[in-house]
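Below: the structure, in structure tokens.
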Amino acid sequence: MSKHLQHDLDRLKKEILAMGALVEEAINRAIASLTQRDAVLARQVLEGDDAIDRKEVEVEDLCLKILALHQPVAGDLRYIIAVLKVNNDLERMGDLAQNIAERVTFLAVNEPVPVHLDFTLMVELVRRMVGESLDALVNQDPVLARRVCVQDDEVDRLQKQMFETLQSVMMRDPKAVERAVQVLSVSRHLERIADSATNIAEDIVFMVEGDIIRHRADPARNPPRVTR
Amino acid sequence: MPWTQFWKLYLGFILVVAAAAMTALAWAADAEADERRDATFAQLERQAAQLSSLGAKWLAEEAAIADEPRAWSDFAGARLTVIRADGRVVFDSQRDARTMENHASRPEVAAALTNGRGRALRPTALTDHDSYYVAQRVGSDAAPLGVVRLAAPAELPNARANPLSVGVIAASGVAALATLLFGWALARRFRAPLAATTDLAEAIARGDYRRSSTSYESAEMRRLSEAIATMTAQLEHRLEMMTVDRNKVLAILSSMVEGVVAVDQNERIVHINTVASKLLDADPASAVGRRIWEVTRIPAIQELLDRTRERGEPCSAECTLAAEPSNPGGAVIELRAAPLRDGSGAVLVLNDVTAFRKLESIRRDFVANVSHELKTPLTAIRALVETMIDDREMPEATLRRFLEKIRDQSMRLTTLVADLLTLARIESNVVSPERRTLDARAIVRECATRVGAVCEKKQITLSVEIPAEPVLASADEESLRQIVDNLLDNACKYTPSGGAVWVRLERVAQNLELTVRDSGIGIDPRDCERVFERFYRVDKARSRELGGTGLGLSIVKHLVQALGGQVGLQSELGRGSTFHVRLPLAGLDSPNAAA
Numbered sequence: 001m002s003k004h005l006q007h008d009l010d011r012l013k014k015e016i017l018a019m020g021a022l023v024e025e026a027i028n029r030a031i032a033s034l035t036q037r038d039a040v041l042a043r044q045v046l047e048g049d050d051a052i053d054r055k056e057v058e059v060e061d062l063c064l065k066i067l068a069l070h071q072p073v074a075g076d077l078r079y080i081i082a083v084l085k086v087n088n089d090l091e092r093m094g095d096l097a098q099n100i101a102e103r104v105t106f107l108a109v110n111e112p113v114p115v116h117l118d119f120t121l122m123v124e125l126v127r128r129m130v131g132e133s134l135d136a137l138v139n140q141d142p143v144l145a146r147r148v149c150v151q152d153d154e155v156d157r158l159q160k161q162m163f164e165t166l167q168s169v170m171m172r173d174p175k176a177v178e179r180a181v182q183v184l185s186v187s188r189h190l191e192r193i194a195d196s197a198t199n200i201a202e203d204i205v206f207m208v209e210g211d212i213i214r215h216r217a218d219p220a221r222n223p224p225r226v227t228r
Numbered sequence: 229m230p231w232t233q234f235w236k237l238y239l240g241f242i243l244v245v246a247a248a249a250m251t252a253l254a255w256a257a258d259a260e261a262d263e264r265r266d267a268t269f270a271q272l273e274r275q276a277a278q279l280s281s282l283g284a285k286w287l288a289e290e291a292a293i294a295d296e297p298r299a300w301s302d303f304a305g306a307r308l309t310v311i312r313a314d315g316r317v318v319f320d321s322q323r324d325a326r327t328m329e330n331h332a333s334r335p336e337v338a339a340a341l342t343n344g345r346g347r348a349l350r351p352t353a354l355t356d357h358d359s360y361y362v363a364q365r366v367g368s369d370a371a372p373l374g375v376v377r378l379a380a381p382a383e384l385p386n387a388r389a390n391p392l393s394v395g396v397i398a399a400s401g402v403a404a405l406a407t408l409l410f411g412w413a414l415a416r417r418f419r420a421p422l423a424a425t426t427d428l429a430e431a432i433a434r435g436d437y438r439r440s441s442t443s444y445e446s447a448e449m450r451r452l453s454e455a456i457a458t459m460t461a462q463l464e465h466r467l468e469m470m471t472v473d474r475n476k477v478l479a480i481l482s483s484m485v486e487g488v489v490a491v492d493q494n495e496r497i498v499h500i501n502t503v504a505s506k507l508l509d510a511d512p513a514s515a516v517g518r519r520i521w522e523v524t525r526i527p528a529i530q531e532l533l534d535r536t537r538e539r540g541e542p543c544s545a546e547c548t549l550a551a552e553p554s555n556p557g558g559a560v561i562e563l564r565a566a567p568l569r570d571g572s573g574a575v576l577v578l579n580d581v582t583a584f585r586k587l588e589s590i591r592r593d594f595v596a597n598v599s600h601e602l603k604t605p606l607t608a609i610r611a612l613v614e615t616m617i618d619d620r621e622m623p624e625a626t627l628r629r630f631l632e633k634i635r636d637q638s639m640r641l642t643t644l645v646a647d648l649l650t651l652a653r654i655e656s657n658v659v660s661p662e663r664r665t666l667d668a669r670a671i672v673r674e675c676a677t678r679v680g681a682v683c684e685k686k687q688i689t690l691s692v693e694i695p696a697e698p699v700l701a702s703a704d705e706e707s708l709r710q711i712v713d714n715l716l717d718n719a720c721k722y723t724p725s726g727g728a729v730w731v732r733l734e735r736v737a738q739n740l741e742l743t744v745r746d747s748g749i750g751i752d753p754r755d756c757e758r759v760f761e762r763f764y765r766v767d768k769a770r771s772r773e774l775g776g777t778g779l780g781l782s783i784v785k786h787l788v789q790a791l792g793g794q795v796g797l798q799s800e801l802g803r804g805s806t807f808h809v810r811l812p813l814a815g816l817d818s819p820n821a822a823a
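Top to bottom, those sequences are chains A and B. Numbering of the first sequence is given in the working numbering, commencing with residue 1 and proceeding in unit increments. Numbering of the second sequence is given in the working numbering, commencing with residue 229 and proceeding in unit increments.
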């Protein structure tokens, strides 16, 4: 492999990981702002979106440059394609974090929904999925990536539970509808973040093994997606 | 055996010996050949001289005298030629004189004609074989008659080459062999200590400093082995010093409270200490050698390192780590990075300032809270007083209501200030509670009675459980009363109408245990720890509405601690809260009681 290509691939790895770091931080902050009802933190997340967008463009530029300049093949080509897709997914996750933060700026200044909502489990799961999908990217670890895919099921189940709880709240108390809708969309965004993390994990399996595991019948590996 | 120094040397030695032997042989051969030639020539010359007298007769008689000279030739054992002065051959013992060419130009003949005698060692005209030729002039110098020539063939085909006797060759061969064997033995003698010293040096290179060097007879080897021994000792000493230094540095780094990460110019981790690996959630063994951005995904760290490298000067930043179950707010880490002096990387120091930031925020909150709490009643009082001044014709009833309100507000101020003072006093440990043995039952009963009136008004069921036997606590009455009062007040305040409050006093082991349970609104488990902070209110608006100062629980906590006890809280949102107070019983020499 040429030295220049190796150098560029190294830089690409650094950039995509920096992107991942920014997105992970945004998600963690959005989650913290949600659990602590902290509008200030939520606004910080909203401010951070520009940096994520800029980084996305940077990563994409670098990918295109490598493709055009070195015309890589086989593993390197798969790597760059996977990075492009991961980049895309990360950007979407960043946007979802923004959306959550936006909801939090509303929710934090209003009374909590009059029911005991436990986001702890869902939030923890989503955070772990995001972290593990990025760990899998760093270590190019398809085993870890597959583990991320499996966890998506649980998040879907929790999201469904949340939906049912909020539905009953809305039916009981019309005054709470506005807030409940906001909370509902937060839980939906969380679920979508988990989906994106699953996508990243799938991209990593493709990157390492060259095997496309999306849309497989195996439910453990590829749970049905509700939100898309 | 490899092409060692020894073999190189020995080959050179072989060559030198061989060259010497060859030279000696060549010289010997040359000398022998000379000697033999001289002897042959001398004999031939003697015979030729004897024949020269007969030569004159033979020259005069020419061909007719063939038999006589042939006899002489046989006698001398040499070829005899008789040549006239003009070069014509008169007689030859081996060939027919008539067919022979003119011999005047033959070197020995020419020399004899001019000098009287001539000699030559040259090939004969017919064969390539060398022959000795000796010519003797016949007749006087002035009028030579001719030449008598004797010729004898040389033993070897080429007599000018160096024929050597077998003895000489054998002797020189034996000498050369002996020299070589001697040289071999000598070289071996030099080689053995050299090899031993090399082994020693190799052992040292492998890190084995324990091997001792042998002492040698030769001064050079002794010096060398001594030098190596000295070098080994110094090397070992230095290495030991370096190891000690390194361990010291590692020990210092690993026992630092701050996390330390060192990276090289490629941002690969060179060192990471225990604290840093814990903070960054990295495995220290596998993290070393990897890029820092692979090990940790904290954007602030990458940004800080980039900045440090660009500016080439120490920079700092702060970041909040993701929340963990043990740390719901997320640890706050102060980051400081400095470039290494040789420009080959940077060192990053991580400092967990979570507690510090928390204290800061508590202090900030406290000041803000105190000001706010003091300001609210003051504003109300001021507004009321201003209205009273402006409105001279205020009805008596309104005036009275205003004054009552002013009294209420000033009472609230008094309570607040009193609470603050109590807190300040407990916290600064200026006055320790005056302890005496008292029955906790009486105090609990008294407080319950007081609160009972409020409960009745609010329609809260108050159940009091007090044991039959006395519960003797070592405390001062005022403190204990305040503890029970504050807890009961709190329970009533946050329990809606129709709810219930339970108070239970009991002896558990060597402690007094007071439990106040309510069926109120409860406290979020996340807030459980903070409710004991000054002015911390789960819900600010509600607390103030209920007339709380935000200091009650804080006072309870401090008083209980001052009395050597503990306070705890279990709560669930919407289900109610349970406060436990545990104090040491009186009369027991527990260390707490003595304090």
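Using N, Cα and C, we set each Cβ at its ideal position, and we do this for glycine too.
Span of the alpha helix (DSSP H) holding B/A340? 335-343
Under 8 angstroms: do the stretch 78-95 of chain A and the stretch 149-164 of chain A share three or more Cβ pairs, one atom per stretch? no
Beta-carbon proximity of B/D704 to B/R735, cut-off 8 angstroms: no
Would you identify the three-state DSSP class for A/Q98, choosing helix, strand or coil? helix
Per DSSP, the bridge partner or partners of B/W730: B/S691, B/R745
Can you pull the DSSP bridge partners for B/V317? B/I311
Can you give the beta carbon distance from B/G435 to B/V491, rounded, assuming they're within the 8 angstroms contact cut? Contact flag wrong, Cβ pair sits at about 30 angstroms.
At a Cβ threshold of 8 angstroms, is B/I749 touching chain A? no
Contact set between B/R569 and chain A, taken where Cβ atoms lie within less than 9 angstroms: The contacting residues do not exist; B/R569 stays about 25 angstroms from chain A at best.
Can you tell which of B/N597, B/V598, B/L568, B/T548 has its C-alpha closest to the C-alpha of B/V581? B/T548
Nearest-angstrom Cα distance between B/G395 and B/E263? 17 angstroms
Alpha carbons only, please: which of B/R307, B/A325, B/P297 is nearest the one belonging to B/Y360? B/R307
Taking a cut of 7 angstroms between CB atoms, which residues from the stretch 73-95 of chain A lie near chain B? none
Sequence-distant residues of the same chain with beta carbon closer than 8 angstroms to A/A39, five excluded per side: S33, V104, T105, A108, V109
Does the distance from the CB of B/R316 to the CB of B/G344 come in under 8 angstroms? no
Determine the contact status of B/G750 and B/E706, defining contact as a CB-CB distance below 8 angstroms. no
Looking at chain A, which residues of the stretch 566-596 of chain B have a Cβ within less than 7 angstroms of any of its Cβ atoms? none
In the stretch 127-154 of chain A, which residues sit with their C-beta less than 9 angstroms from some C-beta in chain B, listed in chain order? R127, G131, L134, D135, V138, N139
Assuming B/H808 is part of the beta strand (DSSP E), what are its boundary residues? 804-812
Using the Cβ count rule (16 or more neighbours within 10 Å means buried), how would you classify A/H189? buried
For B/F241, does the three-state DSSP call read helix, strand or coil? helix
Alpha carbon to alpha carbon, how far is A/E132 from B/N475? 36 angstroms
Determine, for A/E24, whether the minimum Cβ-Cβ distance to residues of chain B falls below 8 angstroms. yes
8 angstroms contact criterion, which A/A74 and A/V45 should meet: CB distance rounded: Not a contact, Cβ separation roughly 39 angstroms.
Let me confirm a value: A/L121 is counted as buried when at least 16 other C-beta atoms fall within 10 Å, else exposed. Which label applies? exposed
Are the stretch 12-25 of chain A and the stretch 134-145 of chain A touching by the rule of at least three beta carbon pairs closer than 8 angstroms? yes
Let's test the definition: count the other Cβ atoms within 10 Å of the Cβ of A/Q207 and tell me whether it reaches 16, buried, or not, exposed. The residue asked about is misnamed: residue 207 of chain A is Met in this sequence, not Gln. Its Cβ being crowded by 16 or more others within 10 Å, A/M207 is buried.
DSSP beta-bridge partners of B/S544: B/R564
Complete alpha helix (DSSP H) runs within the stretch 49-121 of chain A (minimum length 4 residues, chain order): 49-70, 74-107
Is it true that the CB of A/V169 sits closer than 8 angstroms to the CB of A/V205? no
If you draw a straight line from the C-alpha of B/G804 to the C-alpha of B/P724, how long is it? 10 angstroms
Coarse secondary structure for B/S572, derived from DSSP in three states: coil
Counting only Cβ-Cβ distances shorter than 7 angstroms, please list the residues of the stretch 458-471 of chain B near chain A, keeping chain order. none
Other residues of its chain near B/I526: CB distance less than 6 angstroms, five sequence neighbours each side excluded: C547
State the Cα-Cα distance for the pair B/S368 and B/A398, rounded to the nearest angstrom. 51 angstroms
What residues from chain B crowd round A/K3, counting only those whose CB sits closer than 7 angstroms? Simply none; closest approach about 14 angstroms.
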